[in-house]
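Novice:
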Amino acid sequence: MGSQSPKRSQSSLEALEAKLDHLDREILRLVQKRAELYVAIQKQRSGGPLAPTILPEAQDRIAELVETSPGPLSEGVLRSIMREIQSGCRALVRPTRVAFLGPLYTYSHLAAIHAFGQSVEFVPVGSIAAVFEEVHRGQADYGLVPIENSTDGRIADTLEMFTRLPLRICGDVELEIHHALLAKCPRQEIQEVYSRPQALSQCRNWLAKHLPQARTFEVTSTATAAQLARDKPGAAAIASVQAGIYYGLDVVADQIEDNPGNTTRFAVIGHHSNPRTGHDKTAMLFQTEHRPGALAEVLNIFKRSRLNLTWIESFPVPGQKRTYLFFIEFEGHETELRVRRALKALSRKTLRMEVLGSYPMTLPIQ
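Here the sequence shown is numbered in this note's numbering, starting from 33 and rising by one per residue.
#1: First and last residue of the alpha helix (DSSP H) that includes Ile-277?
#2: Does the stretch 202-216 come within contact of the stretch 286-304, defined as at least 3 CB pairs closer than 8 Å?
#3: Could you check which residue in Cys-217, Thr-320, Thr-295, Ile-333 has the C-alpha nearest to that of Asp-204?
#4: Tell me the DSSP secondary structure of Thr-252 in three-state form.
#5: Does the distance from the CB of Lys-313 to the CB of Glu-368 come in under 8 Å?
#6: I'd like to check one pair, Ala-231 with Asp-282: are the Cβ atoms closer than 8 Å?
#7: Could you check what DSSP says for Val-225 in three-state terms: helix, strand or coil?
#8: Just to confirm the assignment, what range does the alpha helix (DSSP H) spanning Asp-189 have?
#9: Taking buried to mean at least 16 other C-beta atoms within 10 Å of its own C-beta, is Pro-84 buried or exposed?
#10: Going by DSSP, what residue range makes up the alpha helix (DSSP H) through Tyr-139?
#11: Can you tell me whether Ile-179 is buried or exposed, with buried defined as 16 or more other CB within 10 angstroms of its CB?
#12: Using beta-carbon positions only, say whether Arg-200 and Leu-357 come within less than 8 Å of one another.
#13: Enumerate in chain order the residues of its own chain whose CB-to-CB distance from Pro-396 is below 6 Å, with the five nearest sequence positions on each side excluded.
#14: Under 8 Å, do Glu-153 and Arg-129 count as touching if we go by C-beta distance?
#15: Mind checking Met-33: buried by the 16 CB within 10 Å criterion, or exposed?
#16: By DSSP, does Ile-270 sit in helix, in strand, or in coil?
#17: Does DSSP put Arg-354 in a helix, in a strand, or in coil?
#18: Going by other Cβ atoms of all chains shown within 10 Å of its Cβ, with 16 needed for buried, is Lys-275 buried or exposed?
#19: Any contact between the stretch 249-256 and the stretch 138-151? By contact I mean 3 or more CB pairs, one from each, below 8 Å.
#20: Within a Cβ cutoff of 7 Å, which residues of the same chain sit near Tyr-421, ignoring the five residues on either side of it in sequence?
#21: Would you please state the rounded distance, in angstroms, between the beta carbons of Phe-334 and Phe-347? I believe it to be under 8 Å.
#22: From this set, Val-71, Ala-162, Cys-217, which residue's C-alpha is nearest Phe-194's C-alpha?
#23: Indicate the three-state DSSP secondary structure (helix, strand or coil) for Ala-215 in the structure shown.
#24: Is Gln-319 helix, strand or coil when you go by DSSP?
#25: Using only CA atoms, which one of Leu-378, Gly-325, Tyr-137, Ala-246 lies nearest to Gly-280?
#26: Would you give the residue range spanned by the alpha helix (DSSP H) that Glu-329 belongs to?
#27: By the DSSP assignment, the alpha helix (DSSP H) with Ile-397 in it spans what residues?
#28: Round the Cβ separation of Phe-132 and Leu-105 to the nearest angstrom and send it over; I've been treating them as touching at under 8 Å.
#29: Inspect the beta-carbon positions of Glu-361 and Ala-315 and report whether they are closer than 8 Å.
#30: Quickly, what does DSSP pair Ile-360 with across the bridge? List them, please.
#31: For Ser-233, which residues from the same chain have a beta carbon less than 8 Å from its beta carbon, with the 5 sequence-adjacent residues on both sides left out?
#32: Return the residue from the list Val-125, Ser-44, Ala-47, Gly-120 that minimises the CA-CA distance to Arg-77.
#33: Quick one: what's Tyr-391 bridged to in DSSP?
#34: Closer than 6 Å by C-beta to Phe-260: which residues in its own chain qualify, once you throw out the five before and the five after it? Chain order, please.
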């Protein structure tokens, strides 16, 4: 049997390219139809031309869509596609401003992209407190702040701001944190390493083994560290690979974190509650009397109500010695009957109690 003629092969290729072109046009047509339908739904919900501030869709819904779509594209690629389609649709209804701990390409910025997509106005600020202030004053619709790390535990600056300003947690993003050593010089020429205290702590064993001669310096953000590595001879940064690309640095070593399962959880803060999805968590803070058994009595309410605790942290009350606030997260939504009953019982056993918000459960993002 002879091989296929060049003319027939060219005809077959042209037919495949025509099918691809047709599919591209169909994809774009369906995306536009999806946007029209989304806007119509939001108008009906609000009863007017503009809906109130739109919360990002629950990440578990995107995960469910991705899982039911077998094919050659990876889950990460499909998640990115769906996230950006949803972000663009939300922008048609109402422009959204999102504050985060900057500059660009910090881990907070990357988490904000995962939560909102890129069809929003990102507002980088210089501190966690400034993120809260931007949202509290209405300069941003939402903020994104780190709340806990799997290696270093709670983020004290974030917990303190929840005690000061009446903002709610509208969602969370758990991001797998992979640190890279970034520089414009070879490893043997690195004399100084810059990063946030948490990042330096999470890579201390790697640094001791591979760069024992280098001095470490703490800075306000991993992106600031990348800027210093770009501008200062003999300097390196510990930051994300994306930060290295943005600031024109080489990846000297990747995934240098001591704990390969290192994750940071970020809270999406705002003024609005998240509707119930059926797979939710609720966060709250409370203060008990300073007497034996007071905390045990509070925790027993969760046991009796069959509410599973997923997180608990103690935090000293500013300006008061040996007095603590407790931050709790548990499974369930604040609108559920059993949760409402538990909160009522808790109010009788605490000196201070505030529900910080209910939001969908999420899985770590790689």
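C-beta atoms are modelled at their ideal positions from N, C-alpha and C, and glycine is treated no differently.
Predicted model, so just to flag it, every value in this text is computed and none were measured.
Specialist: So, from the data block:
#1: 273-278
#2: yes
#3: Thr-295
#4: coil
#5: no
#6: no
#7: strand
#8: 188-196
#9: With a pLDDT of only 44 at Pro-84, under 50, the local geometry of the prediction cannot be trusted, and no value is derived from it.
#10: 139-148
#11: buried
#12: no
#13: Glu-206, Glu-208, Thr-295
#14: yes
#15: The predicted model places Met-33 with a pLDDT of 49, which falls under 50 and marks its position as unreliable; any figure quoted below should be read in that light. So Met-33 ends up on the exposed side.
#16: strand
#17: coil
#18: Looking at the sequence provided, one finds Ala at residue 275 rather than Lys. Ala-275 should be labelled buried.
#19: yes
#20: Within the shown structure, residues of the chain are numbered from 33 to 398, placing residue 421 beyond reach of any answer.
#21: Not really, about 18 Å apart at Cβ, beyond 8 Å.
#22: Ala-162
#23: strand
#24: strand
#25: Tyr-137
#26: 326-336
#27: Segment: none, Ile-397 is in no alpha helix (DSSP H) and carries neither H nor E.
#28: Their Cβ separation, rounded to whole angstroms, is 28 Å, which puts Phe-132 and Leu-105 out of contact at 8 Å.
#29: yes
#30: Met-316, Ile-344
#31: Thr-183, Asp-184
#32: Val-125
#33: Lys-313
#34: According to the sequence shown, residue 260 is Leu rather than Phe. Around Leu-260: Tyr-226, Ala-267.
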